[in-house]
Amino acid sequence: MKAHDGMYIGGAWRPAAGRDRIEVVNPADETVIGAVPAGTAEDVDAAVRAARAAFPGWAATAPAERAALIGALRNVLAARKSEIAETITAELGSPLGFAEMVHVGAPLAVASSYAELGASYAFEQRLGNSTVLLEPVGVVGAITPWNYPLHQVVAKVAPALAAGCTLVLKPAEDTPLTAQLFAEAVHEAGIPAGVFNLVTGTGPVAGQALAAHEGVDLVSFTGSTAVGKQIGATAGAAVKRVALELGGKSANVILPGADLAKAVATGVGHVMNNTGQSCNALTRMLVHRDQYEEAVSLAAAAVAAYPTGDPTDPATRLGPVINAKQHQRVRGYIAKGVEEGARLVAGGADAPHERGYFVAPTVFADVTPDMTIAQEEIFGPVLSILAYEDEEDALRIANGTVYGLGGAVWAADEETAVAFARRMDTGQVDINGGRFNVLAPFGGYKQSGVGRELGPHGLAEYLQTKSLQF
Ligand code: NAD
């Protein structure tokens, strides 16, 4: 795989300040496919300075012109779709078809949405005798995870650019090659020098330096709740704006009267897609006691449609998890589930292949709300099925974790499902299989985060208000 031995700062690839490198590993076969520089505080400082220098010019650029450049960026990404998908398959292990359709398809849709929103958004509002100006926050420090290597980047960069902010991106250490391709696309699209800057590196060094840098006005972080708490504390101490998109343990609530077969099949797909590495994955399936065994059999049968293997093979539907650490961690959770008394009905902790960080698609029945696998985020292809007695019980279980990111409700009719969804402590709920919408605000209640991404709500995160009284 092609890798730049430098940082994209001020519109050019520049040598890194230090000599350390991060090796990129293909999780499907454990081979090293490239290396990128491990940035230091010095690299971060250079990138923040470039972003700061570019800020006044970009903020003063007409919104329609900024939006047109986001459109141009979208077109470059679209033209390089295959190359990006292949890179995501190589460094994340995503099956190629899913990489093309979702890993590249979703960010293209997000970029398109901001190419439109950026041009039409009301950056000035009239309120009584005031005019409210919505102005860009300034320099953004964006820190992203590996699970959707392009989407997580575009979900921050596109709205920030539309708002008139400039950025420094510190992508996840496991998937820096996709981030480098993105930087190439920014360049090719003609986005002015310094508006977008890329520093690869580790979280504790480059990430921490970016979050703490006094030239950064807003830290936008997506990742684990543990790191998010740290970043929130750092930003809070400096009175910096912060947006946190964190973990989840989302509930898929199947109410009596719902189409059980469809609800179970959709729910299983939601967990298995991306090998369970979606922050909003519906990892807890809640089924009424009377339909419980039927749902368990349906789920156990459904995972058979997710064979693991080489992600470049079109027959593969379940790729590996991202790295050796996650491989151990996910299988550790499966062992813990068995130990705590859950009933394994599919999969298990044994690795299905000798090489590669594969985990068998796993389904647990007889999971109780207090079990570790029902409370903690596993981030692997593991589904827990819980039984409930009545709606109140279902609600208590659904709301009974520290998280509140996603969710789903299935019922005989929309009205019943919506009434239940209103009582869920979570940021997004899919009603009877409702589809992902790039304009809908995405983000968490409780410890799943602070702030929202996507659509107009995502754009508002990058704006601050100034009111003029007349
Ligand atoms: P992580 O928190 O370890 O890393 C995320 C990013 O933060 C990486 O770029 C990493 O280098 C950086 N980082 C790590 N330590 C840092 C520090 N001390 N200071 C600054 N930056 C630091 O998470 P991960 O393992 O990459 O991702 C998985 C987690 O992300 C899961 O918990 C998942 O639920 C969550 N996630 C949430 C969303 C969402 O939108 N809510 C989306 C994707 C992933």
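Residue numbers for the sequence shown follow the numbering used here, so the first one is 544 and each next one is one higher.
Note that CB positions come from ideal geometry on N, CA and C, so glycine has one too.
What would DSSP say about residue i, mapped onto helix, strand or coil?
i       : result
Pro570  : coil
Leu612  : helix
Asn980  : coil
Gln971  : coil
Ile877  : helix
Leu660  : helix
Arg827  : strand
Gln517  : The displayed coordinates of the chain run from 544 to 1013. Any statement about residue 517 would go beyond what the structure contains.
Ser763  : strand
Thr630  : helix
Met815  : helix
Gly950  : strand
Val906  : strand
Gln1012 : strand
Ala892  : coil
Ser927  : strand
Glu731  : helix
Leu997  : coil
Phe963  : helix
Arg623  : coil
Phe725  : helix
Arg898  : coil
Ala555  : strand
Gly810  : helix
When every heavy atom of the ligand NAD is checked, does at least one fall within less than 8 Å of the C-beta of residue i?
i       : result
Lys713  : yes
Gln773  : yes
Thr632  : no
Thr745  : yes
Pro688  : yes
Glu716  : yes
Gln871  : no
Ala754  : yes
Ser821  : yes
Ala769  : yes
Ser991  : yes
Glu788  : yes
Tyr691  : yes
Gly810  : no
Thr765  : yes
Phe979  : no
Gly994  : no
Glu1004 : no
Gly987  : yes
Glu883  : no
Gly791  : yes
Gln1007 : no
Leu635  : no
Would residue i be called buried (16 or more neighbouring beta carbons within 10 Å of its own) or exposed?
i       : result
Gly661  : buried
Gln971  : buried
Gln990  : buried
Ser1010 : exposed
Asn975  : buried
Asn672  : exposed
Gly899  : buried
Asp760  : buried
Arg827  : buried
Leu720  : buried
Pro857  : exposed
Ser663  : exposed
Val830  : buried
Ala644  : The displayed chain sequence assigns Met, not Ala, to residue 644. Result: exposed.
Pro747  : exposed
Phe725  : buried
Gly884  : exposed
Ala607  : exposed
Thr969  : buried
Gln1012 : exposed
Asp717  : buried
Phe979  : exposed
Asp933  : exposed
Ser793  : buried
Gln695  : buried
Say whether chain D places a C-beta atom closer than 9 Å to the C-beta of residue i.
i      : result
Val738 : Absent from the structure is chain D; it holds one protein chain and no more.
Inside the segment 831-860 only - alpha helix (DSSP H) runs reaching at least 4 residues: Entirely contained in the segment 831-860, the alpha helix (DSSP H) runs reaching 4 residues are, in chain order, 835-845.
Could you give the uninterrupted runs of the alpha helix (DSSP H) lying entirely in the segment 637-715, keeping only those of 4 residues or more? Counting only runs of 4 or more, we get 648-663, 694-706.
List in chain order: all unbroken beta strand (DSSP E) runs of 3+ residues lying wholly within the segment 560-606. If we require 3 residues or more, the beta strand (DSSP E) runs fully inside the segment 560-606 come out as 564-568, 575-580.
Write down every uninterrupted run of the alpha helix (DSSP H) in the segment 733-798 whose length is 4 residues or greater and which is fully enclosed by it, in chain order. If one requires a minimum length of 4 residues, the alpha helix (DSSP H) runs lying completely within the segment 733-798 are 751-755, 768-780, in chain order.
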